[in-house]
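Below is one structure, written out as structure tokens, with a few remarks after it.
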Ligand code: 6GU
């Protein structure tokens, strides 16, 4: 997969994209991530990318020109047809199903807008899918883009050491993950459940299903209600 990111703050991405799973996936060629600085496409010598809003009001608005020029440039960097995504709190809420859907694309272009606002013609003219990561306001789309990338890349074949690890994740089957334990057997008077030491794989699998369902009922009953609406 190739991911192009358009942003005014490319430096924000450096460390998150250079650690852990994302670093490994990039090193292994599973994902190629390319940053483009929208400011490089500013039309004037001051490198301005925003201006006062028509009609008055506080704050500055991102101008359409640099964003469109940046996209035109980025599109040409690779022959694959990209799926365009605009990160904005006005978008559809991101979830695991969307992450899975995006993980099947060969190329994404993510546009991280600044929240103060962007010229409406960016939304109208780009025909990009609008995605939000939740009902709260961030200073810009950068952290949202990183959240999306993190969730998508770990679903790419080969990104996790063990390709089964993603299958048992919370949400991937609509419910929370079962409880996990490792050594020691007893820690501060808390013991590992006997069943996990029994070696009975069928019983362990049943116990994990029961536990996953039980904690979903307790902590995220809304996930089970959603499930009922779907079926
Ligand atoms: Cl995608 N952008 C901003 N600025 N705020 C958000 C968001 C995105 N998702 C939730 N809050």
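Numbering (our numbering), first residue to last: 377 to 607. Beta carbons: idealized from backbone N, C-alpha and C, even for Gly. This structure is a prediction, so every number in the text was calculated from the model and none was measured.
Contact between the region 393 to 404 and the region 539 to 556 is absent: fewer than three C-beta pairs spanning the two stretches fall below 8 angstroms. With contact defined as three or more Cβ pairs closer than 8 angstroms, the region 436 to 445 and the region 490 to 499 are in contact. Set against 8 angstroms, the gap from the CB of residue 392 to the closest heavy atom of the ligand 6GU is not smaller. For residue 528 and residue 476, the gap between their C-alpha atoms comes out near 7 angstroms.
Nearest to residue 450 by alpha-carbon distance, out of 583, 545 and 483, is 483.
Following the DSSP letters along the chain, one finds residue 402 inside the alpha helix (DSSP H) bounded by residues 396 to 403. The closest CA to that of residue 440, considering only 377, 558, 501 and 468, is found on 501. In the DSSP annotation of this structure, the continuous segment of the alpha helix (DSSP H) that includes residue 447 starts and ends at 440 to 451. Taking residue 384 as reference, the option from 417, 421 and 402 with the minimal CA-CA separation is 417.
Checking the 8 angstroms criterion, the Cβ of residue 513 is within range of a heavy atom belonging to the ligand 6GU. Using a Cβ distance threshold of 9 angstroms, residue 532 and residue 407 count as a contacting pair.
The Cβ atoms of residue 534 and residue 506 lie no closer than 9 angstroms to each other. Annotation: residue 410 to residue 510 spans about 25 angstroms, alpha carbon to alpha carbon. Residue 582 sits in a helix when the DSSP states are folded into three classes. Rounded to whole angstroms, residue 571 and residue 578 show a C-alpha spacing of 10 angstroms. Residue pairing by DSSP places residue 464 opposite no residue, since no beta bridge is assigned to it. Between residue 470 and residue 520, the CB-CB gap stays under 9 angstroms. For residue 573, the closest C-alpha among the options 430, 597 and 556 is that of 556.
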